[in-house]
Amino acid sequence: MPIDFEFTEEQEMFRETSREFGKNEIEPLVEEYEKKEEFPKHLFPILGEMGFLGVVFPEEYGGVGLDKVTECVFAEEMGKICAGIAMCINAHVDLACLPIWKNGTEEQRQKYLVPAIQGEIIGSLALTEPNAGSDARGIRAQAEKKGDKYILNGSKTWITNGCIADFHVVAAYTDKSNKGGGISLFIVDSDAPGFQVARKIEKLGHHSADTGELVFENCEVPVENLLGGTEGAFQAVMDTLIAARITHSVKSVGLATAAFEYALQYSKERDAFGRPISKFQAISFKLADMATKIETARLLAYKAAWLYDQGKRCVKEASMAKMYAAEIVQWVTSEAVQILGGYGYAVEFPVERYYRDAKLSSITEGTSEIQHIIIGRELGI
Ligand SMILES: Cc1cc2nc3c(=O)[nH]c(=O)nc-3n(C[C@H](O)[C@H](O)[C@H](O)COP(=O)(O)OP(=O)(O)OC[C@H]3O[C@@H](n4cnc5c(N)ncnc54)[C@H](O)[C@@H]3O)c2cc1C
């Protein structure tokens, strides 16, 4: 098969629709919601109606039935507009809906996936705990079966959509003697007895993203909410994270592109010593490096997405894409601030937000150190 770097006509159209949607529906909200440190929840039904929450899901569940590459096109466009808002959308789609589609029972798909694709309900994935992030198998949450319920105890932190979600896909041990393998997944409704949002977390960036700390105190979960109806389905989260890392990498590419485009334009308009600063080699070389690194990250990300669509193993490629995009987005946004000089440091210019938002890329969905470990493992080390 020949190598083809072109997006299909359908994907290009989807990019155009995503871009228009972002410009008209999301961009006007960014400043207000970044300031309020809130996610604009009313967007979910609109996103659902537009089909943006169901790009990869089958039509029988209300999805659009397209591929990961197309989903990435949307995620890249959202990353350009607002990383915080993009993160909540991605967490809903990749972290909460995907494991239900891939591993849920038919009843769970009908009850949760169908309305989630419509944006009628919001989901989260609750894996991380105060004492266990990278070491996911080190979680302490436990669930014990009692009659027709599981009694869930534990706490989760850093949960995207944590305060606003209607349901949470929660990881907890059902068999403590089996490290990792004894972890099961539960779909917990936000009105379940014993469930509580402990607090909303304030962050360096991604201010318009909702991030919460959750507590489960003798939380009652009906047995039918055990994901897939089988205990020990922890691998579902690991599989979900591969898809999520690909989306994460294009989101970083989008964010880096926004910073680059702003800096490029600014450099052409800002004069110093009698000429535009873009004419100084120190600035034009920065811009050339920025463009090259963004393009490289983009190629890695879409290659991983393409492999995913082919059903090929892409653990290594997803981690490479995520890690590299995380690295370059931090560098690119830092250089963008530098090109704007003092104005890059001012809150009234978006580059300051891009710079703060970029830091998260090397932390969530597996830190860059963890991506190195995964890539090393895939290389047989
Ligand atoms: C804004 C935000 C949103 C998030 N959203 C979610 C969410 O929706 N759901 C969810 O479950 N979690 C979420 N997380 C949690 C995120 O996945 C974790 O923060 C991440 O996995 C790192 O875990 P940790 O913070 O506990 O750091 P730790 O695991 O304690 O790591 C601390 C440092 O040690 C390094 N380290 C750890 N182990 C190794 C090792 N073996 N070798 C080398 N270095 C190592 C790490 O790379 C890091 O630099 C979110 C986090 C943030 C900040």
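Note that my numbering has the sequence shown beginning at -6, numbered continuously upward. No residue lacks a Cβ here, since even glycine has one placed at the ideal position from N, Cα and C.
Taking 8 Å as the cut-off, is the C-beta of residue i nearer than that to any heavy atom in ligand 1?
| i | result |
| --- | --- |
| ILE356 | yes |
| ALA119 | yes |
| ILE363 | yes |
| ASN218 | no |
| ALA125 | yes |
| LYS196 | yes |
| MET80 | yes |
| THR233 | no |
| GLY155 | yes |
| GLY147 | no |
| LEU88 | yes |
| ALA84 | yes |
| THR1 | no |
| ASP428 | In the structure as shown, the chain starts at -6 and stops at 374, and residue 428 therefore has no counterpart that could be examined. |
| ASP350 | no |
| THR240 | no |
| THR98 | no |
| ILE152 | yes |
| LEU248 | no |
| GLY116 | no |
| GLY359 | yes |
| ILE332 | no |
| ILE366 | yes |
| LEU353 | yes |
| ASP141 | no |
| THR204 | yes |
| ASP184 | no |
| ASP282 | no |
| ASP(-3) | no |
Would you say the beta carbon of residue i comes nearer than 8 Å to a heavy atom of ligand 2?
| i | result |
| --- | --- |
| HIS200 | Absence of ligand 2 from the depicted structure is noted, with ligand 1 being the only ligands included. |
Buried or exposed: where does residue i fall if 16 or more other Cβ atoms within 10 Å of its Cβ makes it buried?
| i | result |
| --- | --- |
| ARG346 | buried |
| ILE157 | buried |
| MET71 | buried |
| LEU197 | exposed |
| GLN303 | exposed |
| LYS170 | Looking at the sequence itself, residue 170 is Ser, so the reference to Lys does not match. Counting Cβ neighbours within 10 Å, SER170 comes out exposed, since fewer than 16 surround it. |
| ALA249 | buried |
| ARG291 | buried |
| GLY380 | Nothing can be reported for residue 380: it is not among the residues displayed for the chain, which extend from -6 to 374. |
| ASN211 | exposed |
| HIS85 | buried |
| LEU372 | exposed |
| ALA76 | buried |
| ALA298 | buried |
| ALA202 | buried |
| THR1 | exposed |
| ASN218 | buried |
| PHE14 | buried |
How about residue i and residue j: do their beta carbons lie closer than 9 Å?
| i | j | result |
| --- | --- | --- |
| ILE74 | ALA251 | yes |
| ILE321 | THR289 | yes |
| PHE160 | LEU220 | no |
| GLY55 | ILE110 | yes |
| ALA319 | HIS241 | yes |
| GLY205 | ASN154 | yes |
| VAL208 | ALA191 | yes |
| TYR295 | ALA236 | no |
| ALA314 | ILE374 | no |
| LEU40 | ILE82 | yes |
| HIS199 | LEU353 | yes |
| TYR336 | VAL325 | no |
| PRO269 | LYS279 | no |
| ALA256 | VAL214 | no |
| GLY147 | ARG130 | no |
| PHE227 | ILE176 | yes |
| VAL243 | GLU31 | no |
| VAL163 | LYS142 | no |
| GLU362 | SER127 | yes |
Could you tell me whether any Cβ in chain B is nearer than 9 Å to the Cβ of residue i?
| i | result |
| --- | --- |
| VAL230 | Protein chains in the displayed structure number just one, and chain B is not present. |
Checklist entry - In chain order, which continuous runs of the beta strand (DSSP E) of length 3 or greater are located wholly inside the stretch 52 to 122? => result 116 to 119
Checklist entry - Mind pulling the alpha helix (DSSP H) runs of 4 or more residues that sit fully within the stretch 287 to 333? => result Note on the stretch 287 to 333: whole alpha helix (DSSP H) runs with a minimum of 4 residues are 308 to 333, in chain order.
Item to check | Continuous beta strand (DSSP E) assignments of at least 3 residues falling wholly in the stretch 127 to 198 | outcome: 135 to 139, 142 to 153, 160 to 166, 176 to 182 and 188 to 193
Next on the checklist: Could you tell me which whole beta strand (DSSP E) segments of length 3 or greater appear in the stretch 213 to 290?
Outcome noted: none
Next on the checklist: So within the stretch 2 to 60, which uninterrupted alpha helix (DSSP H) runs reach at least 4 residues, ignoring any that extend past its ends?
Outcome noted: 2 to 14, 20 to 29 and 36 to 43
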